[in-house]
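Structure, as structure tokens:
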Amino acid sequence: MANTSVLLQPYLGKKHLRFDWATWLSSGFLALVILAAVLAPWLVPLDPQSIDLARINAPAGSPGHLLGTDQNGRDILSRLIMGTRTSMIGPLLVVAISSVCGILIGAIAGWSRGSLDVIVSRVIDFLFAFPALLIAVFTVALFGKGILAPSIGIAIAYTPLVARLTRNLVMQERDRLYVQSLRVLGAGEFSTLMKHVLPVVFPTILSQCLLSFGYAMVDLAAISYLGLGVQAPAADWGLMVAEAQPGILSGAFGPILWPSLAIVLTVVSFNHVGERILEKRGGFA
1 MANTSVLLQP
11 YLGKKHLRFD
21 WATWLSSGFL
31 ALVILAAVLA
41 PWLVPLDPQS
51 IDLARINAPA
61 GSPGHLLGTD
71 QNGRDILSRL
81 IMGTRTSMIG
91 PLLVVAISSV
101 CGILIGAIAG
111 WSRGSLDVIV
121 SRVIDFLFAF
131 PALLIAVFTV
141 ALFGKGILAP
151 SIGIAIAYTP
161 LVARLTRNLV
171 MQERDRLYVQ
181 SLRVLGAGEF
191 STLMKHVLPV
201 VFPTILSQCL
211 LSFGYAMVDL
221 AAISYLGLGV
231 QAPAADWGLM
241 VAEAQPGILS
251 GAFGPILWPS
261 LAIVLTVVSF
271 NHVGERILEK
281 RGGFA
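Terminal number for the sequence shown in the UniProt record's numbering: 285, no gaps in between.
Here's what the structure looks like:
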């Protein structure tokens, strides 16, 4: 009788090596977005703030305007590319602030346990009661409109999520055999946490950061849509959607379609890549 494992080996090998098109497409798209954000001033074909009232709401494919023009006659492609920078800086600030603060708070709480862990857990639960947009509006009221104030507000709202995840992961690793072995060998608590435990849990935290990046982009786009974020005439995807909304009634769908599509594709790509990393790590703690 034939060995079934030998017969199935070619099939299993092909399945194992199956090319993940969705992940590669998402990663490639994000690479293009990041490249556009870095090189935006050199990639724009026209001045993104140049107004041409003679070419208001020109359709896509018009001479000199690949994606058409907006309600002020400005080139949509140029504003879309330039808006990549402002649309990425905000979420980057959110992820950077919430990650640093969340990892620090969660690691200390999960490693120390005791009364400190109880206090931190209660504070985290308290902060979860406040929506990100509400905190962002509050920080805008305190520090003014722009990209920094709402980013700080949303980062405050996202910090408990990272802190709770880090705390749970650190608590799981704290009693593992390799940690106990390090203690027996005389390794310090801080050294063990920083050099051995955090590197183990970091990939899972990274996946959460990628997911948070997409959510932060949506929240900041909503803030700009409300007029509390990036201010005109600067190019920002959320602001472009807000400015183009009145044109829908006159049939000008291009100015609102392209920035909306950019937001959706970027958020979906970040979420997909983050979920793939999470799957390989075996899920959240």
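All C-beta atoms, glycine included, are put in the ideal place defined by N, C-alpha and C.
As the structure is a prediction and not an experimental result, all values here were calculated from the model.
Taking all protein chains in view, the Cβ of A58 is crowded by 16 or more other Cβ atoms within 10 Å, so the residue is classified as buried. One alpha carbon belongs to G229, the other to I97, and they sit about 18 Å apart. Counting only unbroken stretches of 4 or more residues, the alpha helix (DSSP H) elements lying wholly within the stretch 224 to 258 are 237 to 244, in sequence order.
Around the beta-carbon of F213, 16 or more other beta-carbon atoms lie within 10 Å, marking it buried. DSSP places V140 in the uninterrupted alpha helix (DSSP H) bounded by 132 to 143. When the beta-carbon positions are compared, R174 and G110 come within less than 8 Å of each other.
If you draw a 10 Å sphere on the C-beta of Q208, you find 16 or more other C-beta atoms in it, and that means buried. Closest by C-alpha distance to L161, out of S191, V123, A149, is V123. Note on geometry: alpha-carbon atoms of F270 and P255 lie some 24 Å from one another. Inter-residue distance for Q49 and A132 is about 31 Å (C-alpha atoms, whole angstroms). Three or more Cβ pairs closer than 8 Å define a contact, and the stretch 144 to 159 falls short of that threshold against the stretch 175 to 191. Judged by DSSP secondary structure, P59 falls outside any alpha helix (DSSP H); it is assigned neither H nor E. Just measuring C-alpha positions, the residue of I103, I152, I156 sitting nearest R167 is I103.
By the 16-neighbour rule on beta-carbons within 10 angstroms, V38 is exposed. The three-state secondary structure of D47, taken from DSSP, is coil. Annotation for V170: the continuous alpha helix (DSSP H) segment containing it runs 148 to 174. For A109, the enclosing alpha helix (DSSP H) starts and ends at 76 to 112. Beta-bridge partners of T266 (DSSP): none assigned. Judged by DSSP secondary structure, L67 falls outside any alpha helix (DSSP H); it is assigned neither H nor E. Y215 and V267 have their alpha carbons spaced roughly 7 Å apart. By the Cβ-count criterion, E189 is exposed, with fewer than 16 other Cβ atoms from all chains shown falling within 10 Å of its own Cβ. In this structure, DSSP gives A129 a state outside helix and strand, which the three-state scheme calls coil. In this structure, D219 sits away from I156, with a CB-CB distance that is not shorter than 8 Å. Burial check for G68: the Cβ neighbour count within 10 Å reaches 16 or more, so the residue is buried. Counting C-beta pairs with one atom in each stretch, the stretch 71 to 85 and the stretch 198 to 207 have fewer than three that are closer than 8 Å, which means they do not touch. In the displayed model, G73 falls within coil according to three-state DSSP, outside both helix and strand. Excluding its 5 nearest sequence neighbours in each direction, M88 has C-beta neighbours in its own chain below 6 Å: A37, listed in chain order. Distance between I56 and L30, taken at the CA atoms: about 31 Å. G227 and A242 do touch by the CB rule: their CB atoms are close to 7 Å apart, below 8 Å.
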